[in-house]
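A short worksheet on the structure shown next.
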Amino acid sequence: MAFNISHQIGSIYGAPVPDPSGGDPLSSSASSLNAAAIWKPPTTDLRCRIKRQNPDVDLISPPVSPCRSPVLSVSALVTESAPMTAEEDSDLKLHVEVSRSSDKGTGGVPVYVMLPLDTVRPGGGVNRKKAMNASLQALKSAGVEGVMVDVWWGIVEKERPGEYDWGGYTELMDMIRRHGLKVQAVMSFHQCGGNVGDSVTIPLPKWVGEEMDNDQDLAYTDQWGRRNYEYVSLGCDTLPVLKGRTPTQCYSDFMRAFRDRFSNLLGNTIVEIQVGMGPAGELRYPSYPEMNGTWKFPGIGAFQCYDKYMVSNLKAAAEAAGHPEWGNGGPTDAGHYKNWPEDTSFFRKEGGGWDGPYGEFFLSWYSQLLLDHGERLLSSARSIFPTEEGVAISVKVAGIHWHYGTRSHSPELTAGYYNTRSRDGYLPIARMIGRHGAVLNFTCVEMRDHEQPGEAQCRPEGLVKQVAMAAREAKVGLAGENALPRYDGYAHEQIVRAAEGMKAFTYLRMGPDLFHPENWGRFVGFVKRMSEGKGREKCRELAEREAESFVVHATGSLVREPSMA
Numbered sequence: 001m002a003f004n005i006s007h008q009i010g011s012i013y014g015a016p017v018p019d020p021s022g023g024d025p026l027s028s029s030a031s032s033l034n035a036a037a038i039w040k041p042p043t044t045d046l047r048c049r050i051k052r053q054n055p056d057v058d059l060i061s062p063p064v065s066p067c068r069s070p071v072l073s074v075s076a077l078v079t080e081s082a083p084m085t086a087e088e089d090s091d092l093k094l095h096v097e098v099s100r101s102s103d104k105g106t107g108g109v110p111v112y113v114m115l116p117l118d119t120v121r122p123g124g125g126v127n128r129k130k131a132m133n134a135s136l137q138a139l140k141s142a143g144v145e146g147v148m149v150d151v152w153w154g155i156v157e158k159e160r161p162g163e164y165d166w167g168g169y170t171e172l173m174d175m176i177r178r179h180g181l182k183v184q185a186v187m188s189f190h191q192c193g194g195n196v197g198d199s200v201t202i203p204l205p206k207w208v209g210e211e212m213d214n215d216q217d218l219a220y221t222d223q224w225g226r227r228n229y230e231y232v233s234l235g236c237d238t239l240p241v242l243k244g245r246t247p248t249q250c251y252s253d254f255m256r257a258f259r260d261r262f263s264n265l266l267g268n269t270i271v272e273i274q275v276g277m278g279p280a281g282e283l284r285y286p287s288y289p290e291m292n293g294t295w296k297f298p299g300i301g302a303f304q305c306y307d308k309y310m311v312s313n314l315k316a317a318a319e320a321a322g323h324p325e326w327g328n329g330g331p332t333d334a335g336h337y338k339n340w341p342e343d344t345s346f347f348r349k350e351g352g353g354w355d356g357p358y359g360e361f362f363l364s365w366y367s368q369l370l371l372d373h374g375e376r377l378l379s380s381a382r383s384i385f386p387t388e389e390g391v392a393i394s395v396k397v398a399g400i401h402w403h404y405g406t407r408s409h410s411p412e413l414t415a416g417y418y419n420t421r422s423r424d425g426y427l428p429i430a431r432m433i434g435r436h437g438a439v440l441n442f443t444c445v446e447m448r449d450h451e452q453p454g455e456a457q458c459r460p461e462g463l464v465k466q467v468a469m470a471a472r473e474a475k476v477g478l479a480g481e482n483a484l485p486r487y488d489g490y491a492h493e494q495i496v497r498a499a500e501g502m503k504a505f506t507y508l509r510m511g512p513d514l515f516h517p518e519n520w521g522r523f524v525g526f527v528k529r530m531s532e533g534k535g536r537e538k539c540r541e542l543a544e545r546e547a548e549s550f551v552v553h554a555t556g557s558l559v560r561e562p563s564m565a
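Numbering-wise (full-length UniProt numbering), the sequence shown opens with residue 1 and increments by one.
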């Protein structure tokens with residue numbers, strides 16, 4: 001029996017999807033449709049959900065044009081047979097029939113796809129191996145360059161310092177290699193859980209948690225004493241507070257152990273190391289945590305500089321500046337996480353403290369500490385992964401686009417980006433990244449201004465352009481990501497326009513929704529357009545129609561699910 005790849009992957013993930021012809025061959029009832037599988041414009045804002053709605057945006061649907069064609073169907077033949085031996089498994093043969101035009105343009109942008117956050121489970125092993133194999137096969141056949149993998153500190157070095165369990169990642173890397181895909185490996189030194197899109201919880205290593213329990217000032221702290229345990233405070237980067245090692249040493253030892261374990265894959269399968277530098281792996285402070293409702297879009301967030309290590313650094317800086325009275329903490333009139341700029345004295349446009357002598361001193365100090373943190377980790381990473389090994393190094397910078405149209409850009413300031421209407425805060429970041437020959441990876445590339453609530457003065461398109469200009473001036477490679485899962489043609493179109501000249505684009509995220517027939521058809525057309533680059537312009541619908549000539553078949557059984565202990 002021939003099954004559509006969407007049905008295979010959907011059923012393996014436990015998320016049935018409908019047959020385009022109307023029936024569901026995997027179930028005796030067609031009522032098992034997963035409504036979330038088909039992307040539809042949400043009833044609220046696409047970026048971050050607030051109560052204010054724009055009915056003109058909510059009702060948007062993809063236009064119909066003369067070159068609109070039936071949705072792409074990617075099929076795979078699955079033959080039920082006896083379990084394969086290990087030798088047969090490793091020699092799984094894929095017969096791929098691809099009909100593509102060869103007259104490609106130049107300057108194409110390779111597309112990578114993020115794997116699920118829980119791809120490797122705590123204790124080792126790959127989650128949903130059968131689904132993973134089918135998914136990787138489909139991605140490769142669609143022309144995807146590779147995948148992005150979170151290498152979790154809290155899984156690999158979970159129990160004791162210096163003891164690394166690479167078992168699950170060894171299995172995953174080999175699986176990816178056999179499918180001919182490349183890997184962007186993220187050194188995830190942060191906790192998973194509490195941020196936008198976090199569907200699972202993976203804490204920091206146990207022994208790190210013990211140290212943070214013993215000394216809570218190892219956690220980022222706001223002015224009300226609220227602790228954030230997503231990432232170890234950069235205030236103690238160079239202090240031996242983690243079982244006799246500094247946090248920077250722990251990160252370096254982890255990256256070195258990764259290099260030693262996967263040295264045979266570096267430069268061929270593993271082509272990029274993204275160094276995690278804060279919450280969600282981004283170079284920033286945890287100024288807008290969603291956990292427990294602390295922050296809600298489009299709030300300004302809060303400064304995170306009240307642990308004793310950062311306060312000590314601030315005191316020294318204030319004394320050196322001749323204003324010891326500035327060293328007691330951050331501004332006390334900067335409002336709360338959910339406030340808007342004009343709700344506060346510090347961020348208001350007229351006479352706000354951010355634009356005065358104290359504001360300039362504090363914001364310069366606060367942002368410089370973040371730059372110094374990035375400098376330390378990039379210096380270490382470059383020494384471990386030298387340029388000649390053929391492995392790129394990247395840093396992820398957050399796309400904080402709300403209140404970008406205001407004078408103060410307050411959410412960027414609380415996150416550590418000293419960017420205002422009169423000051424470019426991204427050029428110093430780009431230059432810091434450039435000093436180490438790294439790539440600047442930026443988010444929110446898929447967003448359009450009019451999709452966002454106008455009253456919050458969201459300007460994602462302007463922000464992406466500013467960061468691109470900073471990267472060009474600093475002569476730094478730029479890569480991109482979408483901030484939220486999007487499967488519609490409008491998001492794809494925006495990405496294609498914004499991605500010109502980028503080193504790579506990473507698509508968030510692989511899962512059952514991506515493989516729904518309608519979403520999958522649009523995605524394959526999107527990958528084709530990205531790969532073609534300049535010299536071959538075409539409409540989105542035509543790219544999707546051309547993708548229909550692209551069919552993938554897999555013979556033999558998919559790798560069977562191993563028994564669970």
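Here a beta-carbon is modelled for each residue, glycine too, at the ideal position from N, C-alpha and C. It should be emphasised that the depicted structure is a prediction, and the values quoted were computed from it without experimental measurement.
>> Please identify the residue among Trp-153, Gln-304, Glu-145 whose C-alpha is closest to the C-alpha of Leu-218.
In response: Gln-304
> Can at least three beta-carbon pairs, one atom from the stretch 384 to 391 and one from the stretch 255 to 274, be found at a separation below 8 Å?
Replying inline: yes
> Leaving out five residues before and five after Tyr-231 in sequence, what residues of the same chain have Cβ atoms less than 6 Å from its Cβ?
Replying inline: His-190, Gly-278, Pro-279
> If you count every other CB in all the chains shown that lies within 10 Å of the CB of Gly-356, and 16 or more means buried, which is it?
Replying inline: exposed
> So, Gln-274 versus Val-186, is the Cβ gap smaller than 7 Å?
Replying inline: yes
> Which whole-angstrom value is the C-beta distance of Gly-154 and Pro-116, which I expect to be below 8 Å?
Replying inline: About 16 Å separates the two Cβ atoms, so there is no contact after all.
> Which of the three DSSP states, helix, strand or coil, is assigned to Arg-421?
Replying inline: coil
>> Here's the rule: buried if 16 or more other CB atoms are within 10 angstroms of the residue's CB, otherwise exposed. What is Ala-37?
In response: Because the pLDDT of Ala-37 is 37, which lies under 50, any placement of that residue in the model is unreliable, and the number read from its coordinates should be weighed accordingly. The residue in question, Ala-37, is buried, as its Cβ has 16 or more Cβ neighbours within 10 Å.
> Taking buried to mean at least 16 other C-beta atoms within 10 Å of its own C-beta, is Thr-332 buried or exposed?
Replying inline: exposed
> Smallest Cα separation from residue 653: which of Gly-335, His-323, Ile-270?
Replying inline: Outside the displayed span of the chain (1 to 565) sits residue 653, for which this structure offers no information.
>> Quick check on the burial criterion: 16 or more other C-beta atoms within 10 angstroms. Buried or exposed for Gly-244?
In response: exposed
>> At the level of alpha carbons, what is the spacing between Pro-512 and Leu-136?
In response: 13 Å
> Hey, how far is the Cα of Tyr-164 from the Cα of Leu-363?
Replying inline: 38 Å
> If Pro-485 and Leu-508 are in contact, beta carbons under 8 Å, what's the gap, nearest whole angstrom?
Replying inline: 6 Å
> Would you report the Cα separation of Glu-500 and Val-109, rounded to the nearest angstrom?
Replying inline: 7 Å
> Which residue or residues does DSSP assign as beta-bridge partners of Cys-458?
Replying inline: The partner list for Cys-458 (beta bridge, DSSP) is empty, contrary to what the question assumes.
> DSSP on Ile-400, reduced to helix/strand/coil?
Replying inline: coil
> From Ile-429, Thr-201, Asp-372, pick the residue whose C-alpha is nearest to that of Leu-122; which is it?
Replying inline: Residue identity differs from the one stated: residue 122 is Pro in this sequence, not Leu. The residue with the shortest Cα to Cα distance from Pro-122 is Thr-201.
> Whose C-beta lies closer than 8 Å to the C-beta of Glu-350 among residues of the same chain, with five residues either side of it excluded?
Replying inline: none
> So is Glu-518 buried or exposed if we call it buried at 16+ other beta carbons inside 10 Å?
Replying inline: buried
>> Since Pro-298 and His-403 should fall inside the 8 Å C-beta cutoff, what is the C-beta to C-beta distance between them, to a whole number of angstroms?
In response: 6 Å
> If you draw a straight line from the alpha carbon of Ser-101 to that of Val-397, how long is it in whole angstroms?
Replying inline: Unreliable placement is indicated for Ser-101, whose pLDDT of 36 sits below 50; the coordinate value is still reported in the next sentence. Ser-101 and Val-397: Cα-Cα distance of roughly 36 Å.
> Where does Leu-239 land, buried or exposed, given buried means 16+ other C-beta within 10 angstroms?
Replying inline: exposed
> For Gln-216, which residues of its own chain have a beta-carbon under 7 Å away from its beta-carbon, when the five flanking residues on both sides are left out?
Replying inline: Arg-227
>> Along the chain, where does the beta strand (DSSP E) containing Tyr-507 start, and where does it finish?
In response: 505 to 507
> What did DSSP end up calling Met-173 once you bin it into helix, strand or coil?
Replying inline: helix
> For Leu-378, which of Ile-429, Ala-415, Ala-471 has the nearest alpha-carbon?
Replying inline: Ile-429
>> By alpha-carbon positions, which one of Asn-127, Met-255, Arg-459, Thr-269 ends up nearest to Val-156?
In response: Met-255
>> Taking only three categories from DSSP, how would you classify residue 568?
In response: This structure leaves residue 568 out entirely; the chain is present only between 1 and 565.
> Is Trp-207 helix, strand or coil by DSSP?
Replying inline: helix
>> For His-401 and Gln-452, what's the separation of their Cα atoms in angstroms?
In response: 10 Å
>> Assuming the contact rule is C-beta atoms closer than 8 Å, Val-445 and Glu-481 should be a hit. Round their C-beta distance to whole Å, please.
In response: 6 Å
>> Could you check whether Asp-237 and Arg-376 sit closer than 7 Å to each other, using their CB atoms as the reference points?
In response: yes
>> Using a 10 Å radius around the Cβ and a threshold of 16 neighbouring Cβ atoms, would you call Asn-133 buried or exposed?
In response: buried
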